[in-house]
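All letters in the sequence shown, in the order written, are residues 1148 to 1275 by the working numbering. Built from N, CA and C at the ideal position, the CB exists for glycine as well. Every value quoted in this text rests on a predicted model; they were computed, and no experiment measured them. The block underneath contains the structure these notes are about, expressed in structure tokens.
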Amino acid sequence: MTDLFEALKQPAIDSGIPATEYPDMTYEQIVSQIKAYRHQHQERLREQAVMDHTQASLMAFALNDPSKMPDLYKAYPFLRGLGTDESKAPNRPAQTNSAWQNDQALLMQQAMLVKATLQRKKQQLQGR
């Protein structure tokens, strides 16, 4: 039994059990503490995955169609239950459709200029 107890010492310490308390704990207490730590770690990973996915989704909105980007509380509905004050939430500047369309037109114009330059260079290389 002492070999098993020694084998569990490092995983127990890694899971947050203080080394000074480990010798006074029973086997069941150690195992349940390790299981609880692993469960908490899995929950943190799950939360991080959800947040990463939501952020990627919001980035797609921001790049492709900013006018349809959801507000903070639609993107993160759990914030409502955390006691946050919606009036204090950071507001993103509202961009009108015409401003967004102007930006898109400018980007398209620049893309066409780059394409024309590349075609010109290609023709010059073929002419040699």
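Just to confirm the assignment, what range does the alpha helix (DSSP H) spanning F1208 have?
The residue labelled residue 1208 in the question sits at position 61 within the sequence shown. Y1174 to N1211 is the extent of the alpha helix (DSSP H) around F1208.
Beta-carbon separation of Y1220 and L1229 under 8 angstroms?
Sequence index remark: in the sequence shown, residue 1220 carries index 73 (1-based). Sequence index remark: in the sequence shown, residue 1229 carries index 82 (1-based). No, Cβ-Cβ distance for Y1220 and L1229 is not below 8 angstroms.
First and last residue of the uninterrupted alpha helix (DSSP H) at Y1223
Along the sequence shown, one-based indexing puts residue 1223 at 76. Premise fails: Y1223 is in no alpha helix (DSSP H) and is neither H nor E.
Mapping DSSP to helix, strand and coil, what is T1149?
To locate residue 1149, count along the sequence shown from 1; it is residue 2. Helix at T1149.
Endpoints, alpha helix (DSSP H) assigned at P1170
On the sequence shown, residue 1170 is found 23 positions in, with the first residue counted as 1. No alpha helix (DSSP H) contains P1170, which DSSP labels as neither H nor E.
Who are the near neighbours of A1166 in its chain, counting only those whose CB is closer than 7 angstroms to its CB and skipping five residues on each side?
Against the sequence shown, residue 1166 aligns to sequence position 19. Excluding sequence neighbours, A1166 sits near I1160.
Taking the alpha-carbon positions, what's the L1205 to A1252 distance?
Numbered from 1 along the sequence shown, position 58 holds the residue referred to as residue 1205. Numbered from 1 along the sequence shown, position 105 holds the residue referred to as residue 1252. Approximately 22 angstroms, taken between the alpha carbons.
Cα separation between H1186 and L1192?
On the sequence shown, residue 1186 is found 39 positions in, with the first residue counted as 1. On the sequence shown, residue 1192 is found 45 positions in, with the first residue counted as 1. Spanning the two alpha carbons is a distance of roughly 10 angstroms.
From which residue to which residue does the alpha helix (DSSP H) around I1160 run?
Within the sequence shown, the letter at position 13 stands for residue 1160. Start and end: K1156 to D1161.
If I measure Cβ to Cβ from T1201 and keep anything under 8 angstroms in the same chain, skipping five residues before and after, which residues do I get?
Position 54 of the sequence shown, counted from the start, is the residue given in the question as residue 1201. Answer for T1201: A1222 and Y1223, listed in chain order.
Straight-line Cα distance separating A1207 from K1215:
Position 68 of the sequence shown holds residue 1215. Position 60 of the sequence shown holds residue 1207. Looking at the two C-alpha atoms, the distance is approximately 10 angstroms.
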